[in-house]
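First to last, the protein sequences are chains A and B. Counting in our numbering, the first sequence runs from 3 upward without gaps. Counting in our numbering, the second sequence runs from 3 upward without gaps. Glycine included, every Cβ here is placed at the ideal spot set by N, Cα and C. Report on the following structure.
Protein chains: 2
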Amino acid sequence: MQKNSIELDETDRALLTALQKNAYATGQELSDMLNLSASQIGRRRQRLEEAGLIMGYRARLDPARLGLDVQAFVQVQLARHGSDEGASFTRLLSTRPEIISAWTMTGEADYLLRVFCPDLQTLNRLIHEVLLVHRSVSRVHSQIVMDQPKGDAPLPV
Amino acid sequence: MQKNSIELDETDRALLTALQKNAYATGQELSDMLNLSASQIGRRRQRLEEAGLIMGYRARLDPARLGLDVQAFVQVQLARHGSDEGASFTRLLSTRPEIISAWTMTGEADYLLRVFCPDLQTLNRLIHEVLLVHRSVSRVHSQIVMDQPKGDAPLPV
DNA sequence: TCCCTTCATGCAAAAAAATAGCATCGAACT
DNA sequence: AGTTCGATGCTATTTTTTTGCATGAAGGGA
């Protein structure tokens, strides 16, 4: 089984792009768009799901309408490089719902966090009362998002 | 019209959370989950869509299976602060499919870009042949993503 | 307190959409 | 040429969503 290397033709790519933009497009709509019958759209979609190419479907919410007015990126540097510290910090990440995503980067053992908060005060509390008090965190640098000139474009397929 | 301030009760919140995790859950499944009839689920969902709280639905793809093995964050600093430069750079962003998202941050006039590339060479080319050659770009700093310990969690509702 | 409006709700019917069955077509290979 | 295999479209079936409608609970006057 080599799920990894499924053959994608142009129609598959177009379908993936369309579904990245609007996962609720009906078979009929996609059918018109791709010049393919609705049933075949469904079969291809199913194939792409089973191959693991499509990992799932998600609703995208408007942060502003949820009262999440402050978006920030927080760079966190850990003091020591023990696996314990990393694990402990990772556990912390998973418990905080305002931390939407976290990445580890090349170079120093540091994390980049993407955070949504209702206001600056909450962000501040997150930084000082949650992150900085963690035993393995040595430095924190946060940047507030002003604007998002390009947002969540589909992956290039 | 104050779309902004729709009342959300606990059921709405649970529904939003569920749809952020799996937008393809059927009314029946959500019905069991939230102790609500399928029709009512549908009506609430429609209300949340019309209110603009749900902005849309998207398929989530597996970057690795698409051959996008390198993920990076690129910080870009612009030389001058004229609106022309910003606009020109924004236009550049929109033309590059490997740039998935871009944010402007507080502080200096700089951008944070999230990028997916098939390999390091492509990333390198993006940086040197696309970003650095742009007239208003003064500095570029890129960090490669090693791991994503927390990924695309639902927004806290 | 009583009445009235409003709105969320569940059930059932209708409409829409996804899925499965089936025969056909075309490309690749023998 | 013959054969196999997979992709395709059409149709039938099933599943899901949406709509119509009556009920009941909550809130607002008089």
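With a threshold of 8 Å on Cβ separation, who are the neighbours of residue i within its own chain once the five nearest residues in sequence on each side are excluded?
i               : result
A27 of chain B  : A20, L21, M35
T13 of chain A  : L36, L38, R46
V132 of chain A : L94, R98
L17 of chain A  : L32, L36, I43, R46, R47, L50
I129 of chain B : V76, V142, S144
Taking buried to mean at least 16 other C-beta atoms within 10 Å of its own C-beta, is residue i buried or exposed?
i               : result
V117 of chain B : buried
Q150 of chain B : exposed
R82 of chain B  : exposed
V135 of chain B : exposed
A66 of chain B  : exposed
T108 of chain B : exposed
D11 of chain B  : exposed
D154 of chain B : exposed
M3 of chain A   : Its pLDDT being 36, under 50, M3 of chain A is placed unreliably in this model, and the value from its coordinates should be taken loosely. The residue in question, M3 of chain A, is exposed, as its Cβ has fewer than 16 Cβ neighbours within 10 Å.
T106 of chain A : buried
S48 of chain A  : Inspection of the sequence shows that residue 48 of chain A is occupied by Gln rather than by Ser. Q48 of chain A comes out exposed.
Got a sec? Which residues, its chain only, sit under 7 Å from residue i by beta carbon, not counting five neighbours each side?
i               : result
A25 of chain A  : Y59
S138 of chain B : L80, A81, R82, E87, S90, F91
P156 of chain B : T19, Q22, K23
D112 of chain B : Q77, V78, Q79, L80
C140 of chain B : According to the sequence provided, residue 140 of chain B is Ser. The question's Cys does not apply to it. Q79, L80, A81.
Following a CB-centred definition, is residue i positioned closer than 7 Å to any heavy atom of the ligand SAH?
i              : result
R47 of chain A : Absent from the structure shown: the ligand SAH. Ligands present: none.
Apart from the five residues on each side of it in sequence, which residues of its chain come closer than 6 Å, Cβ to Cβ, to residue i?
i               : result
L95 of chain B  : I101, A104
Q30 of chain A  : A40
H143 of chain B : Q77
I56 of chain B  : L50
L115 of chain A : V76, I101, A104
With which residues is residue i paired in a DSSP beta bridge?
i               : result
Q145 of chain A : A:F75
Y113 of chain B : B:V78, B:T106
G58 of chain A  : B:R62
V139 of chain A : A:L80
K23 of chain A  : None; K23 of chain A has no bridge partner.
Check: Any contact of the stretch 117-128 of chain B with the stretch 71-81 of chain B, i.e. 3+ C-beta pairs under 8 Å?
Finding: They touch, by the three-pair rule.
- Could you pull out every unbroken beta strand (DSSP E) segment of at least 3 residues lying fully inside the stretch 68-103 of chain A, listed in chain order? 72-80, all fully within the stretch 68-103 of chain A.
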